[in-house]
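Q:
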Amino acid sequence: MTTTTIPQVSVAPADLPAVVDQELNAARFIDVHTHLFMPSLGNLGLWGIDELITYHYLEAELFRSSTITPREYFALSKREKAKAIWKALFVENTPVSEAARGVVAVLHALGLSTSDLGEAREFFASQSLDRHIDRVFELGGISEAVMTNDPLDPDEAPAWENGAGRDARFHPVLRLDRILNKWPDHWRALESKGYQADERVSSVTGVRRFLADWVKRMQPVYMAVSLPDTFEFPEDSIRGRLIEHAILPACREFNLPLSLMIGVRYQVNPAIRLAGDGVGKADLRAVERLCSGFPSNRYLVSVLSRENQHELCVYARKFSNLMPFGCWWFLNNPSIVEEITRERIEMLGTSFIPQHSDARVLEQVIYKWRNTRRTLVPILAKAYALLAADGRAVTREEIRRDIARLFRGNFEKWIAA
Ligand code: FIX
Ligand code: ZN
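As structure tokens, then:
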């Protein structure tokens, strides 16, 4: 039987931006790191206008544009906090920062006035969450969001222990920060649940059993931890021993990647709480030693310092068990996303994961992914234009294939490998 293959037509260089724009907007991405929660985990999930306005990024900006002190602000109710931020950043000043413009973009995408807080509140109050999630994911152009799930969070763990229902729109992740970064404060929680544990980590048997039980319960797509700019590996420390003798073996046992998000200077200003974290340049030789010393493990790595981005790309060229992902937190601004994404394409082709939203409030996926698409159109178009100028045109189907790899395939391959 003859198969007629439709000849693939090359895209004219002048048409590249439009075709890339169409294909980016037609594609549905996987959001590989968020702080969203599936509804079956109870009221952990944040959504609606008051949560959008009181995002910790905007709380940090409030204190630069208002005389309110953190003590006065944190004594307010959620609605009063939102009103204070709305007044300072959206009325008395123009919302031109990335996070403030994001709230405007969400309201506009939902067909709401971008200057009427009361109307917005009425709209969100009338939404049914499950249908709202579908609409928001559609507007954000994502099919799934990967969560951040903490087995030692007393507000979250019981929902899992009581058999929280699965939701195909959300993928769990086993988050390890309390174990790896705050063991002295949390080992007793393991012990109280019947897992052998002590402050010195004289044995990892209990931790391994804890991890195995939670992998079976949660069925995470990867394990994850945020790490300080001072992170070292190997290290003769509790964290060093737990990573080497508990986490890495558990990831191998259950064939799970380990996500390392490195470079946080925690609580440089504790007075502003979640907004109080800063950034520091890390020594990525720790990543080098993990990738080379434990080659059977797969790593997802995001680094917070702009100064670490180029060396992360170089390490990704050296280690095929290293998958760089996202422009994280203080990097998720178009001016920096452009620089990082261009150097990744130049050094890694399409073998990386360009972005995650890190959304903490549901509707943020709308603006964070629209911004990503808006920033990526000229970058991808330019990469194809350079290729054409050097003698190789591309077809729409190839552009579609590349976008699918960048925003779905690389991650799906990594978690299923
Ligand atoms: O550790 C993390 O997952 C960070 O993304 C968060 O702690 C941080 O507060 C955040 O939401 C950044 O976007
Ligand atoms: Zn995060």
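Numbering (the numbering used here), first residue to last: 256 to 672.
Positions of the beta carbon are idealized from the N, C-alpha and C atoms, including for glycine.
In this text, all values refer to a predicted model and were calculated from it rather than measured experimentally.
(1) Please tell me whether alanine 526 and proline 325 are closer than 7 Å, where the distance is taken between their beta carbons.
(2) Within the same chain, show all residues whose beta-carbon is closer than 7 Å to that of tryptophan 624, passing over the 5 residues directly before and after it, in chain order.
(3) Would a C-beta distance cut-off of 7 Å place methionine 478 and leucine 511 closer than the cut-off?
(4) My output table needs one value for proline 550: the three-state DSSP class, helix, strand or coil.
(5) Give the secondary structure of isoleucine 323 by DSSP, where H, G and I count as helix, E and B as strand, and everything else as coil.
(6) Mind checking whether leucine 307 and valine 358 have CB atoms under 7 Å apart?
(7) Just to confirm my understanding: we take alanine 414, look at its own chain, exclude 5 residues before and 5 after, and list those with CB closer than 6 Å. What are they?
(8) Could you tell me which uninterrupted beta strand (DSSP E) segments, each at least 3 residues in length, are contained entirely in the stretch 608-632, listed from first to last along the chain?
(9) Taking DSSP as the reference, what is the three-state secondary structure of aspartate 468?
(10) Measuring only from the beta carbon, is aspartate 270 closer than 6 Å to any heavy atom that is part of the ligand ZN?
(11) Taking the alpha carbon of glycine 518 as the point to measure from, which residue in Ala530, Pro483, His363 has its own alpha carbon closest?
(12) For aspartate 385, which residues in the same chain have their Cβ closer than 7 Å to its Cβ, ignoring the five residues on either side in sequence?
(13) Thinking leucine 617 and glycine 366 are a contact (beta carbons under 8 Å), I'd like their distance in whole angstroms, please.
(14) Is the beta carbon of arginine 544 sitting closer than 7 Å to the one on phenylalanine 580?
(15) Measure from the alpha carbon of arginine 572 to the alpha carbon of each residue in Val542, Lys437, Asp422, then state which is nearest.
(16) Once DSSP output is grouped into helix, strand and coil, what is the label at histidine 290?
(17) Just list the alpha helix (DSSP H) runs in the stretch 365-434, keeping only unbroken ones of 4 residues or longer that don't cross its boundaries, in chain order.
(18) With DSSP as the reference, please indicate the residues paired to methionine 578 in a beta bridge.
(19) So, is phenylalanine 292 buried or exposed, given that buried needs 16 or more other C-beta atoms within 10 angstroms?
(20) Less than 7 Å between the C-beta atoms of asparagine 576 and cysteine 546, yes or no?
(21) Using a Cβ-Cβ cutoff of less than 8 Å, which residues in the same chain neighbour aspartate 405 once the five nearest sequence positions on both sides are dropped?
(22) Would you be able to state if there are at least three C-beta pairs under 8 Å between the stretch 269-287 and the stretch 317-324?
(23) Going by DSSP, what residues sit across from valine 346 in a beta bridge?
(24) Can you tell me whether aspartate 613 sits near the ligand ZN, meaning its C-beta is under 6 Å from at least one heavy atom of the ligand?
(25) Determine contact between the stretch 598-612 and the stretch 651-664, defined as no fewer than three beta-carbon pairs at a distance below 8 Å.
(26) Which of the three DSSP states is assigned to leucine 590 in this structure?
(27) Can you determine whether any heavy atom of the ligand FIX sits closer than 6 Å to the C-beta of tryptophan 584, and answer yes or no?
(28) List the DSSP bridge partners of phenylalanine 284.
A: Taking the geometry as given:
(1) For the 7 Å CB-CB criterion, alanine 526 and proline 325 form a contact.
(2) Phe284, Gly395, Gly396, Ile397, Ser612
(3) yes
(4) coil
(5) Here isoleucine 323 carries a coil assignment [DSSP, helix/strand/coil].
(6) yes
(7) Leu296, Gly297
(8) none
(9) Helix, per DSSP.
(10) no
(11) Pro483
(12) Result list for aspartate 385: Pro294, in chain order.
(13) Between glycine 366 and leucine 617 the Cβ distance is about 17 Å, and since that is not below 8 Å, they are no contact.
(14) no
(15) Val542
(16) coil
(17) Correct list: 372-380, 384-395, 412-416.
(18) Leu555
(19) Its Cβ being crowded by 16 or more others within 10 Å, phenylalanine 292 is buried.
(20) yes
(21) Glu411, Ala412, Arg430, Asp432, Arg433
(22) no
(23) The beta-bridge partner set that DSSP reports for valine 346 is empty.
(24) yes
(25) Yes, since at least three Cβ pairs between the stretch 598-612 and the stretch 651-664 fall closer than 8 Å, the two stretches touch.
(26) What sits at residue 590 in the sequence shown is serine, not leucine. In the structure shown, serine 590 sits in a helix (DSSP, three-state: H, G or I).
(27) yes
(28) Ile397
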